[in-house]
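Residue numbers (my numbering): 558 to 971.
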C-alpha cells in the first residue's frame, strides 16, 4: 500500500480529499472518521444555540439564552430528547430563572423528562454503590470512568448526565477476582466476551462486558487498560493508577483519572465511538471545569503517542473555546506527523479489518501474532457454544467469510 507524501495533522485530512470538498471547522472530523461521525455535524447544529444554557457560560459566537429558548419548539425538543439532553436543559433553565421564556407546555415536558431521569438514576446510583462496596470489601481498588465519574465531577447531579453502563478500571491481576465478585452480585458475562482461545482477551482486548442482574438496569464494563480508535492507542493501567485522584462515590472510596488522563480518554472515546451530543457536552464541560495542566497534558500525549486523535478533537472544540484552549498547544500538536499505520487506522482504510491490523501492529512478537490469527480463524469449541449456543463451526465460518467479503467491498486504499 502506498501513501502520498507525509502530512502533518494540522491539515489532516484535507490533503486526502478533493479540493472542492475541503472540510470546514465543524465537519472536518466527519471526513477524518466518517463511520463514527455521521451524526457529529447534526449534534453540533442542534446544541450550538443552547451552549449558554447547557454550559452556563458566555461562549464565543453563542447567542443569548433568550434567543436560544425562543428556538425551542416541539420538534427541537424531541431532537434534544433523543440526544438525552432534556434533563440537563431543564435544570439549567430553572437554575437561571428562565422558565418565563418557555411555553408552559414545553416547560412541563422538560420537567417530566427531568423527573423520569431522577427516578432512573436513583436506581442506577444504588447499583453503582453495590458494586463499589463489594470491590472495596474485597480490598480491590477501582477507578471510575466516563459517566460514573463525569456525573460527579462535571455535572454535580446524576439525573442530568445519562449513563448506560458503569465503567471501571482495575489492575489486570484482579480481573478474575472481580469477575467472580460481579457474578456473585448477579451480573452475567456477555457471550461476546468469551475467549476464542484461553488468554486471548487479556492480551488483545481491554474490557469485559456484564449484563445487569434480574431487576437491574446498569451494565458493567470492566477494563484493565484503556484504549481507543480500534485499540490502536493504549493507556496502560500503571501510569493511569499512579496519577489517579482519590474520590468518594456515594460514600465509598474510589479513584478517578487525573484531569489530563480523563480528557485524553474522553477524546479517544469520542473519536472512536461517537454516540451523540452528550459526548460533546462532556468535552466542553471538561475544558471548563477540570483543572487541566496543559504542559502535563502535552507530556502525557507524547507518552501515550496519541497526539493525532486528541488534536483532531481539540481542533473542533477550539472553534467554540478559543479562550480556553491555548493556541501554543494546538500549534505544537499540529506539527505532529502520523505514521503510515496511524493514518491507515484514523481513516479506517481497511474497514472491518482495521481493528485486526491495529492488534497485529501493536503486538510485534511473532508468537503473539500467530496466536491472534489462529484464535480468530479457529476458535475453541467453548467459544462457539458461548456465542451460538452450540459448537456450530460451519456457522462461524460462514459469518466470518461474509464479514470479510463486506470488509473487502468497503476497503479504501487511501
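All residues carry an ideal CB built from backbone N, CA and C; glycine is no exception.
- In this structure, the beta-carbon distance from residue 837 to residue 685 does not fall below 8 Å.
- For residue 642 and residue 839, the gap between their C-alpha atoms comes out near 12 Å.
- Residue 668 and residue 957 have their alpha carbons spaced roughly 48 Å apart.
- Annotation: residue 866 to residue 830 spans about 12 Å, alpha carbon to alpha carbon.
- Counting only the Cα atoms, residue 904 lies some 28 Å from residue 954.
- Judged by DSSP in its simplified three-state form, residue 628 adopts coil rather than helix or strand.
- Per the coordinates, the alpha-carbon of residue 675 lies some 20 Å from the alpha-carbon of residue 610.
- Taking the CA atoms as reference points, residue 778 sits about 6 Å from residue 725.
- Here the C-alpha atom of residue 913 lies approximately 10 Å from the C-alpha atom of residue 789.
- DSSP lists 745 as the beta-bridge partner residues of residue 768.
- By the CB criterion at 8 Å, residue 689 and residue 786 fall outside the cutoff.
- Per DSSP, residue 738 has no beta-bridge partner at all.
- The alpha helix (DSSP H) runs of length 4 or more contained entirely in the segment 634–675 are, from start to end of the chain, 643–652.
- Distances from the alpha-carbon of residue 961 to those of 947, 941, 911, 921 put 911 closest.
- Exclusion of the five residues before and after residue 808 leaves 686 as the residues of its chain whose Cβ lies within less than 8 Å of its Cβ.
- Contact check for residue 792 and residue 821: beta-carbon distance about 7 Å, within the 8 Å limit, so the pair qualifies.
- When secondary structure is reduced to three states using DSSP, residue 863 falls in the coil class, being assigned neither helix nor strand.
- Under the three-state reduction of DSSP output, residue 706 falls in the helix class.
- Inclusion of residue 869 and residue 828 in the CB contact set at 8 Å is warranted, their separation being smaller than that value.
- By the criterion of a C-beta distance shorter than 6 Å, residue 864 is surrounded in its chain by 858, 890, 893, once the five residues flanking it on both sides are discounted.
- Straight across, the Cα-Cα distance linking residue 851 with residue 819 is about 13 Å.
- Take the alpha-carbon of residue 761 and the one of residue 749: they are about 14 Å apart.
- Taking residue 706 as the centre and dropping the five residues before and after it, the same chain places the C-beta of 813 closer than 6 Å to its C-beta, in chain order.
- Counting other Cβ atoms within 10 Å of its Cβ, residue 772 stays below 16 and is therefore classed as exposed.
- For residue 836, the enclosing alpha helix (DSSP H) begins and ends at 834–846.
- In the three-state reduction of the DSSP assignment, residue 944 falls in the helix class.
- The residues 663, in chain order, have a CB closer than 8 Å to that of residue 631 in the same chain once the five nearest residues on each side in sequence are set aside.
- Nearest Cα to residue 723 within the set 681, 654, 795, 697: 681.
- Apart from sequence neighbours up to five positions away, the residues of its chain that approach residue 712 with a beta-carbon distance below 6 Å are 718, ordered along the chain.
- Taken through DSSP and simplified to helix, strand or coil, residue 774 comes out as coil.
- In this structure, the straight-line span from the alpha carbon of residue 801 to that of residue 846 is close to 17 Å.
- In summary, residue 703 is buried, with 16 or more beta-carbon neighbours lying within 10 Å of its beta-carbon over all protein chains present.
- An exposed status is given to residue 896, since fewer than 16 other beta-carbon atoms sit within 10 Å of its beta-carbon.
- CA-to-CA, the gap between residue 833 and residue 823 works out to about 13 Å.
- Each of 933, 734, 805 was checked against the Cα of residue 708, and the nearest Cα belongs to 805.
- Scanning its chain for C-beta atoms nearer than 6 Å, with the 5 sequence neighbours on each side dropped, one finds around residue 604 the residues 834, in chain order.
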